[in-house]
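Taking the working numbering, the leading residue of the sequence shown gets 5, the next gets one more, and so forth. This report refers to the structure that appears directly beneath it.
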Amino acid sequence: MGDLANSSVEFHPKKQQGSVGGMEVNHAGDFGATLEDLRTLMELRGAEAIQKIQENYTDTESLCQRLKTSPADGLSDNPADLEKRMQVFGQNFIPPKKPKTFLQLVWEALQDVTLIILEIAAIISLGLSFYQPPGEESESCGNVASGAEDEGEAEAGWIEGAAILLSVICVVLVTAFNDWSKEKQFRGLQSRIEQEQRFAVVRNGTVIQIPVADMVVGDVAQVKYGDLLPADGILIQGNDLQIDESSLTGESDHVRKSVDKDPMLLSGTHVMEGSGKMLVTAVGVNSQTGIIFTLLGAGEEEEEKKDKKEGNSSSAMQQPPAVEAKQIHITNGKQDGTLENNQNKAKKQDEAVAMEMQPLKSAEGGEVEEKEKKKTNVPKKEKSVLQGKLTKLAVQIGKAGLVMSAITVIILVVYFVIETFVVQGREWLPECTPVYVQYFVKFFIIGVTVLVVAVPEGLPLAVTISLAYSVKKMMKDNNLVRHLDACETMGNATAICSDKTGTLTTNRMTVVQAYTCDQHFNKVPDPEQLNPMVLEMLVSSIAVNSAYTSKIMPPDKEGGLPKQVGNKTECALLGFVLDLKRDYAPVREQIPEEKLYKVYTFNSVRKSMSTVVQLPDGSFRLYSKGASEILLKKCTSILAAGGEKRNFRPRDRDEMVKKVIEPMACDGLRTICVAYRDLPASPQPDWENEADILTDLVCITVVGIEDPVRPEVPDAIKKCQRAGITVRMVTGDNISTARAIAAKCGIIQPGDDFLCIDGKDFNRLIRNEKGEVEQERMDKVWPKLRVLARSSPTDKHTLVKGIIDSTVLEKRQVVAVTGDGTNDGPALKKADVGFAMGIAGTDVAKEASDIILTDDNFSSIVKAVMWGRNVYDSISKFLQFQLTVNVVAVTVAFTGACITQDSPLKAVQMLWVNLIMDTFASLALATEPPTEALLLRKPYGRNNPLISLTMMKNILGHGVYQLIIIFTLLFAGEKIFNIDSGRNAPLHSPPSEHYTIIFNTFVLMQLFNEINARKIHGERNVFDGIFSNPIFCSIVLGTFAMQFVIVQFGGKPFSCAPLNLEQWLWCLFVGLGELLWGQVITTVPTSHLKCLKEAGHGSDEDEVIDEDNPEDEDEIDHAERELRRGQILWFRGLNRIQTQMEVVSTFKRSGSFQGAARRRSSVLSQLHDVTNISTPTHVVLSTANSTGAPGNPSGESIP
């Protein structure tokens, strides 16, 4: 439910009720039920609720009358009436939490460590620039003062500090603005999802889809499998409805709902099975989920103070919190437990973004749930792979910068001390102290400048810009990104587990073959070819036994294909009826949905759907349809050509499988069997005993349904395979169909070594005798597995988990999964990147996913891979450029300071280089559009260094070129250009042309190197595709224009003197040399440079695991566990008892710390004991026990 996604409401329940109460007074007479009545009614469950309905309203019919609505026709579409309902009962909308203000975001951006260092440096520098040393007149302090601090610098001294502060402000504002626009974008996206989220309601007797926010009390809504209920309501008609209420109660068992036993449906819960109609009784803040949000909102203010310390997790916005009943347990409108406590817990729960959907019961169900519960307490703020690498790299660079700046300061101080006190032989006089201090401070500032240049503050900016840009562009490629880092993870994907229906295929199902009346038709038969009785049976079976929401509508445009609404398989069957020149609508009018006696809805266990109708003579008829190989096993007869039944023995069935079903499946068709059975009126069958009901069926027909492969899929899959990504198909279809479609898509190629198995074989291969999944067995299966057919949701989850946890290959697999059904939730959650289908996907699947494919198309996934790789490359490009600038600037500042006691590049110039180059270059290089070439290489893998050897070669190579040029200019520039030397310039001299030329050349070399940085894999053509990125071109030209202005008109603040045309041309010529030099570097083979080292590795293996799965401690593989258990159990049983007793007693005695320490040692000793088992161990144990737990006689631990 989209609206709920904006957590915590700024609401005060008391005021809220007061104001609504005021309105009630006017309208109480209009509706026969007040808001309060309905709210208290919705807090009851089961029998209590039914009793309350009977007491207050006699039955649901009369409640409908009181709310002025009709169970069959719903509300009228009268705007005035709808408006009035909204006023009386509220809107179906929960006000979102206030977004962070811009100032809050600025404050958060200021917390960055590098920026703090810069701020401190700037403030010190500012303070000192206003401080005039008193002792300047005293001759005895020596004239060392003259050369270094000229008056121009003194006047412009404050500029340096101010410029640093200005740069900090710029960086902070840009970051804050970025976050702000990201949040705004996210909210826009959220509201877009909300607007797109529609629900089926009945108005004026027709079913229409309306936005969830427009639902009002009194609406009659149609609920079906996969829905996330948008409001509270009472069931007025239901078929086999089962609801997952875990998001409200924390209980993962599905709750059966029926009109006579438990008709209460609550917002925020998921329909796991069945269908029905509900009368909406509470919306928005008055629904159960809304009430919980209101409680959270009331606790907001006190919470926020506490949260400041914890740091807010932004992902709390992204999913509705599943507030467990243990925390807010509402019974009869009273909250158990203190409210304060509940709010804290609920808030924490909200912070942690509780697991929205418990995985379905699986073999390891209990454990999975336990884990999910644990996971709830870990805030979902884990770093992505890229962020991890970047943080590490930034720290390394920072350390190097610190070392360099420290050395600079030390050298300057030592040089000064030796020069003054040793060479000139002066003494330190007290009145000279301020002068000397002034010197030391100046040295400190030079050191800080070196540090400032060393730290790449453009890095975080580059990452943010790159991701934000990609996400925006991915929207155009039909990828709606819900979690930012999913975009970059996708670039590392090594495996994709894809659904078949709708993703690889068009999801436009059509019946193309049929076997009926003892005949196999290779195209849809003419009605004349079939026996009229069989035809009638076929039409009524298909019309009645399918969801009434599935229908075929006329095409939108002339000559288009008819529109399929609802379940596509059912639409294919309904289309089959139309192709047989019959219509299903009259049959449905004759037997409306309310008259259906019992419905067994389709689910992944049954793999069939059955409907029971009562015939006029009181007897019953059951219609059934489902997967052919499953349903045929339940058939004992079949309709023959003459319309009469004849026996259908197992032998006939095998023959039919061989002659009909397998040939159909080999053409890539899904085979569906349609059957029926007549049941007597008395004794009435036991409808709950499904196994007895669904036997002795009569087969009417077996149809082959084609779902054609999307035309663009084979090409997309080829691209994936070339890019080193394995595509696996996981489908509920039978094995032959799956294999045929996989071959059409190119997932399997003739001559390859691959596995195609179905769910049963898969489980047999990967589970041990006890039915537990063993990683070792899994590792033998998954590398070759390409098609998994007839798979259950649990199989999908098991497969994904098995691939992720596997250590067979040297790289950890990064798995993407696509899913559309409610049952795909666990697999989507477990995968590194979950793709949900935007069109066919259920709300549950979208909620569990990271990226939503708005066109349900596999080729959009390939686009996502391209963008993911592009993000990674953009950041590498930026790093390559940035680090070259840093290496050169630091070296120049360092050597210059040591040799001439003054950096050739002034602090303000450094900052211009830093700020402009950083911010603009990150913009220019982070917005390079992706190219198809990205798909020609294998994924990088999690531990691949950010800076490859090629990049290292480029960085150092260009660094060398720039340093040679700059030092040549510094020490011989005045001779070359025939100008005054800028070194040791006399007092009050204006900025020199000499130093300006150095500065100008430096900047121009960076500009041309920015073009070199566009390629990081050693390509020759650096101009390739440069015009497809207008941002890049405009930034390069813009920077050049600014540089011109600074040099010609910058004057004293920038320490620049205007240059003439000849000097400019020389600077440009040297800059252009960068491009030529780049070609020289490319020619040198990387493999010959043994001395190079990569940098920016991913975390080490063990770190990665910790960072990735905070809950992994208890994810030890079953196989290992079993092995260990077997070997060690005997020895350990004893030790365990002893350890536990020891732990208990230690806790009793001395609080947790020693207990923990002692427990640790006892566990260690326990492992130690296992290795050297001998009789003495027992003795040791029993004595240990007698000392450890005085309350327990030692005899207990002796076997």
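Note that beta-carbon positions come from the ideal geometry of N, C-alpha and C, so glycine has one too. Since the structure is predicted, the reported quantities are computational estimates derived from the model, not experimental observations.
Going straight from the alpha carbon of residue i to that of residue j, what length do you get?
{"i": "Ile843", "j": "Arg512", "result": "13 Å"}
{"i": "Phe1058", "j": "Ile879", "result": "30 Å"}
{"i": "Gln913", "j": "Tyr944", "result": "38 Å"}
{"i": "Ala930", "j": "Thr730", "result": "28 Å"}
{"i": "Gly755", "j": "Ala747", "result": "12 Å"}
{"i": "Ser317", "j": "Tyr443", "result": "Confidence at Ser317 is low in this model, with a pLDDT of 36, below 50, so the placement of that residue is unreliable and no value is reported for it."}
{"i": "Gln779", "j": "Val205", "result": "48 Å"}
{"i": "His274", "j": "His258", "result": "9 Å"}
{"i": "Val92", "j": "Leu39", "result": "7 Å"}
{"i": "Glu692", "j": "Gly872", "result": "51 Å"}
{"i": "Leu1093", "j": "Leu1080", "result": "20 Å"}
{"i": "Pro325", "j": "Ser251", "result": "The pLDDT assigned to Pro325 is 36, lower than 50, so where the model puts this residue is not dependable; a value taken from the coordinates is nonetheless given after this. Taking the straight line joining both Cα atoms gives about 8 Å."}
{"i": "Lys602", "j": "Gln594", "result": "17 Å"}
{"i": "Phe580", "j": "Asp587", "result": "10 Å"}
{"i": "Gly405", "j": "Lys396", "result": "14 Å"}
{"i": "Trp1068", "j": "Glu123", "result": "35 Å"}
{"i": "Val1026", "j": "Arg1018", "result": "6 Å"}
{"i": "Val445", "j": "Phe106", "result": "36 Å"}
{"i": "Cys436", "j": "Ala1061", "result": "35 Å"}
{"i": "Ser74", "j": "Asp63", "result": "13 Å"}
{"i": "Val569", "j": "Tyr552", "result": "10 Å"}
{"i": "Leu636", "j": "Cys703", "result": "7 Å"}
Let me check understanding here. Comparing Cα to Cα, which of the options lies closest to residue i?
{"i": "Met541", "options": "Thr705, Leu130, Thr954, Cys174", "result": "Thr705"}
{"i": "Met276", "options": "Gly829, Leu929, Ile1050", "result": "Gly829"}
{"i": "Gln718", "options": "Gly647, Ala1017, Gln753", "result": "According to the sequence as given, residue 718 is Pro; it is not Gln. Considering only alpha carbons, the answer is Gln753."}
{"i": "Val475", "options": "Lys723, Glu87, Asp854, Pro566", "result": "Asp854"}
{"i": "Val178", "options": "Pro75, Ala286, Ile469, Glu431", "result": "Ile469"}
{"i": "Gln1052", "options": "Phe1044, Thr1043, Leu1063, Thr826", "result": "Leu1063"}
{"i": "Arg768", "options": "Val785, Phe758, Asp757", "result": "Val785"}
{"i": "Val609", "options": "Leu643, Ala868, Asp799, Ala1045", "result": "Asp799"}
{"i": "Ile296", "options": "Gly272, Thr285, Val284, Asp690", "result": "Gly272"}
{"i": "Leu390", "options": "Met494, Asp1028, Gly728, Phe1012", "result": "Met494"}
{"i": "Lys850", "options": "Leu927, Leu42, Asp63, His487", "result": "His487"}
{"i": "Phe885", "options": "Leu927, Pro995, His801", "result": "Leu927"}
{"i": "Ser544", "options": "Phe420, Val678, Met557", "result": "Val678"}
{"i": "Leu455", "options": "Gln400, Phe1006, Lys629", "result": "Gln400"}
{"i": "Gly94", "options": "Arg70, Val176, Trp111, Thr285", "result": "Thr285"}
Do residue j and residue i have their beta-carbon atoms positioned less than 9 Å apart in this structure?
{"i": "Ala466", "j": "Phe1036", "result": "no"}
{"i": "Ala398", "j": "Gly451", "result": "no"}
{"i": "Asp859", "j": "Asn482", "result": "yes"}
{"i": "Ile721", "j": "Gly750", "result": "yes"}
{"i": "Ala547", "j": "Ser623", "result": "no"}
{"i": "Pro500", "j": "Pro267", "result": "The sequence shown places Ile at residue 500, not Pro. It is not a contact, given that the beta carbons lie outside the stated cut-off."}
{"i": "Asn1016", "j": "Gly1082", "result": "yes"}
{"i": "Val896", "j": "Ile970", "result": "yes"}
{"i": "Ile808", "j": "Asp783", "result": "no"}
I think residue i touches residue j, with their Cβ atoms under 8 Å apart; what is that distance to the nearest whole Å?
{"i": "Leu79", "j": "Asp223", "result": "6 Å"}
{"i": "Gln241", "j": "Gly280", "result": "6 Å"}
{"i": "Arg1078", "j": "Tyr965", "result": "At residue 1078 the sequence reads Glu, which differs from the Arg that was named. Confirmed, about 7 Å."}
{"i": "Met282", "j": "Ala217", "result": "About 18 Å; that fails the 8 Å criterion."}
{"i": "Glu666", "j": "Ser612", "result": "The pair is not a contact, with the Cβ atoms about 20 Å apart (cut-off 8 Å)."}
{"i": "Val221", "j": "Arg43", "result": "Actually they are not in contact, since the Cβ atoms of Val221 and Arg43 sit about 11 Å apart, beyond 8 Å."}
Exercise for review: Could you tell me which uninterrupted alpha helix (DSSP H) segments, each at least 4 residues in length, are contained entirely in the stretch 160 to 246, listed from first to last along the chain?
Suggested key: Counting whole runs of 4 or more residues, the stretch 160 to 246 contains the alpha helix (DSSP H) stretches 161 to 200.
**Study point:** Segments of 4+ residues assigned as alpha helix (DSSP H) that fall wholly inside the stretch 668 to 730
**Key:** 694 to 697, 717 to 726
Review point. Where are the alpha helix (DSSP H) runs, 4 residues long or more, that stay fully inside the stretch 767 to 793, in chain order?
Key: 779 to 785
Check your understanding: Residue ranges of each alpha helix (DSSP H) run of no fewer than 4 residues wholly in the stretch 878 to 943, ordered along the chain?
Key -> 911 to 930
Check your understanding: Hey, which unbroken runs of the alpha helix (DSSP H) at 4 residues or more fall wholly within the stretch 554 to 627?
Key -> 572 to 583, 589 to 594
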